[in-house]
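So the structure is just underneath, and the comments pick up after that.
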Amino acid sequence: MFKRSSPSSDPSHIQALRQAYLGRLAEQAGSLQLGGIDPKAASDPSGGKLQLSAVYTALLTQRPEDDEQLALLRGQKAERSERAEREVKRLSALDVLNRERQLVLLGDPGSGKSTFVNFVAACLAGEALHAPDVNLAILTAPLPDESRPRDEKPQPQPWRHGALLPV
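Those letters in the sequence shown? Residues 2 to 168, per our numbering, in order.
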């Protein structure tokens, strides 16, 4: 008796579906639609898209350096919160994402929250697809010079999670 394997359990089928998903995600998350900025771009043969990795600049956050300062900012010790606000450290959003199991990014409209999430998703998908232009090396590139002290040597941004599957 022959046993027919179902497409869902066939390893090559699963790999093909994964590759298709990652390709579509990398395409969607890794490009910026310019039609809303320049209506002429919507009629462009290239679809009015710009590669996000070509223009992305790291998103910086403001975060207290330790739990005591975080408690102060949350108002648990209001009399000392002014001092704590002065001691807030600027970290890249990627550094914070690397440190936290769960994260909420707060900011005004247009401040870069969605673009950051799209960039991370595109880089993770690109890493899985072995893309040369969008991958973990691009994701963890050192911060621009103006966002770190002058005497500090450029270092890659931390990312200890490897090539996660972006969902």
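Yeah, the Cβ is synthetic: ideal placement off N, Cα and C, and Gly gets one too.
Go ahead and label residue i buried or exposed: buried means 16 or more other beta carbons lie within 10 angstroms of its beta carbon, across all protein chains shown.
i: L1; result: It is not possible to answer for residue 1, since the shown part of the chain is limited to 2 through 168.
i: L18; result: exposed
i: A30; result: buried
i: R55; result: In the sequence as presented, Arg is not what sits at residue 55; that position holds Ala. That one is exposed.
Where does residue i sit, in a helix, a strand or coil, going by DSSP?
i: Q158; result: coil
i: S32; result: strand
i: N136; result: coil
i: R151; result: coil
i: P110; result: coil
i: L168; result: The sequence shown places Val at residue 168, rather than the Leu named in the question. If DSSP states are grouped into helix, strand and coil, V168 belongs with coil.
i: E101; result: coil
i: A142; result: coil
i: H14; result: helix
In the DSSP assignment, what are the bridge partners of residue i?
i: T62; result: L92
i: L53; result: None, per the DSSP bridge assignment.
So, at 6 Å on beta carbons, what are the nonlocal neighbours of residue i in its own chain, with the 5 sequence-adjacent residues on each side left out?
i: T1; result: Here the chain has residues from 2 to 168 only, and residue 1 is not among them.
Which residues in the same chain have their Cβ closer than 7 Å to the Cβ of residue i, if we skip the five residues on either side of it in sequence?
i: S32; result: K50, L51, Q52 and L53
Keeping to the same chain, check which residues put their C-beta closer than 8 Å to that of residue i; ignore five residues upstream and five downstream.
i: R161; result: N99
i: L130; result: Q20, L23, G24 and A27
Are three or more beta carbon pairs between the region 26-36 and the region 106-124 nearer than 8 Å? yes
Is the region 47-62 close to the region 93-101, with three or more CB pairs under 8 Å? yes
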